[in-house]
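Chemist:
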């Protein structure tokens, strides 16, 4: 593959004026932050795993490495990536296994133990784009047991839940409560509920930030009804008090000007 | 990519993530959305990695990025009345990385203002050629156009870009 001989990029042409050179240099020097780069691979792995969740859950059969060999390349890769970045994965047979036990396609053995959760960069709320299209899976063996496959898909949901929670948190911190609510709505559609109290706190804060005090109060009362002994109930009720409420970030109530 | 290994995927992300990120920014994807969009682009392409010829990954990543940017632009236009959370000036209002000089920040602002006046196809062609160093063949794959069309598209983009730049600079001097 070669460039055209008749068109030389501005950066390499002697005829390019100084202004253009400066702009090209600025464009080339731009790039993601170190935090964004660190978070990219785990987030991509979580997205891959989420899109492969159904496939993985129905792909397991038998036990041991023979079952793993039945995975398509994409499904195995998603599992391996999850193991590396979240410390757990899925093996043929439906059992959720620790990192050390999962067969890999290539490369060194996986790290043992659970890796720390990597936060999604704080400047990255959920964008209004369609999710990646699901690619049809390679032909695979039947499900071993519905209980085992539901445990497997719950673990993958947990990875996605972590990513979505971080997105909601980042959106709220960036003054974008509606985006936070979109991420939380997507979160509520997942099966894993382990992180629900934290999600509820974020939802109440986001609802207060968009001015929906009534809805925020309803969420708090619903949570209090379901989990009356939870320490989060006090936190949530505190958010509803005017002096503790998150102020609206879009419009300043006093001057009418945009807040911030 | 053929048979995909974890090491290969990590290498691809390390090699191409910044380039895809920059391309999305030059296409107008807001700084608040670009990380998520870039991650989704990689996930989309990696999900089909077994169908991509080794060495062609960059072109397909840029294709997915171009499509994603267009989708976002259409969605933003549809929801324009409700879009009250977007920054007014994306480049200058965000927190720049510490290594970005003031000169670069100003250059980037002017670059993005001039690029924003171009239609998407010219904007993409110019960015991929001048800033991201893609070959004509790669640009053709990325923008899903015949290879023979790439040169004329880049030339037209250059003409409009430099004309806009002159206008902007003349306006700034007054």
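Chains as they are written, first to last, in this note's numbering: chain B, 1 to 260; chain A, 1001 to 1174.
Every residue, glycine too, gets a C-beta built ideally from N, C-alpha and C.
1) How big is the Cα-Cα spacing for residue 1047 (chain A) and residue 17 (chain B)?
2) Examine the Cβ distances between the segment 181–189 of chain B and the segment 198–210 of chain B and report whether three or more of them are shorter than 8 Å.
3) Among the candidates B:169, B:163 and B:50, whose CA atom is the shortest distance from the CA of residue 209 (chain B)?
4) Report the rounded CA-to-CA distance for residue 13 (chain B) versus residue 206 (chain B), giving the unit in angstroms.
5) Let me know if residue 1103 (chain A) comes out buried or exposed under the rule of 16 or more other beta-carbons within 10 Å of its beta-carbon.
6) Please state the DSSP three-state secondary structure of residue 1160 (chain A).
7) Count the other CB atoms within 10 Å of the CB of residue 1036 (chain A); is the residue buried (16 or more) or exposed (fewer)?
8) Nearest-angstrom Cα distance between residue 1058 (chain A) and residue 1165 (chain A)?
9) Can you list the residues of chain A that residue 24 (chain B) reaches, using a CB-CB cut of under 7 Å?
10) Between the segment 1005–1019 of chain A and chain B, which residues of the former have CB atoms less than 7 Å from a CB of the latter, in chain order?
11) Taking just the CA atoms, how far does residue 1018 (chain A) sit from residue 33 (chain B)?
12) I'd like the list of long-range same chain contacts for residue 1044 (chain A), defined as Cβ closer than 7 Å, with 5 residues on each side in sequence excluded.
13) Flag residue 37 (chain B) as yes if its beta-carbon sits less than 9 Å from any beta-carbon of chain A, otherwise no.
14) Quick one, which residues of the segment 200–232 of chain B are near chain A if we go by CB-CB under 7 Å, in chain order?
15) Could you tell me which whole alpha helix (DSSP H) segments of length 4 or greater appear in the segment 165–199 of chain B?
16) Can you give the Cα-Cα distance for residue 1073 (chain A) and residue 231 (chain B), rounded to whole angstroms?
17) Answer yes or no: does any C-beta atom of chain B fall closer than 9 Å to that of residue 1046 (chain A)?
18) Given that residue 166 (chain B) touches chain A, what residues does it touch there, using C-beta distances under 8 Å?
19) If we count the other Cβ atoms within 10 Å of its Cβ and call it buried at 16 or more, is residue 1250 (chain A) buried or exposed?
20) Going by DSSP in three states, residue 1033 (chain A) sits in which element: helix, strand or coil?
Modeler: Taking the coordinates as given:
1) 43 Å
2) yes
3) B:169
4) 52 Å
5) Residue 1103 (chain A) is classed as exposed because its beta carbon has fewer than 16 other beta carbons within 10 Å across all chains shown.
6) Here residue 1160 (chain A) sits in helix by DSSP.
7) buried
8) 29 Å
9) 1130 and 1131
10) Within the segment 1005–1019 of chain A, contact with chain B at the beta-carbon level (separation under 7 Å) is assigned to 1005, 1006, 1007, 1009, 1010, 1013, 1017 and 1018.
11) So the alpha carbons of these two residues sit roughly 9 Å apart.
12) Excluding sequence neighbours, residue 1044 (chain A) sits near 1064.
13) Residue contact check for residue 37 (chain B) against chain A: a CB pair falls below 9 Å.
14) none
15) 177–188
16) Taking the straight line from one Cα to the other gives about 43 Å.
17) True, the Cβ-Cβ gap to chain B drops below 9 Å.
18) Residues of chain A passing the Cβ test: none, with the nearest at roughly 11 Å.
19) Any property of residue 1250 (chain A) remains undetermined from this structure, which presents chain A solely from 1001 to 1174.
20) helix
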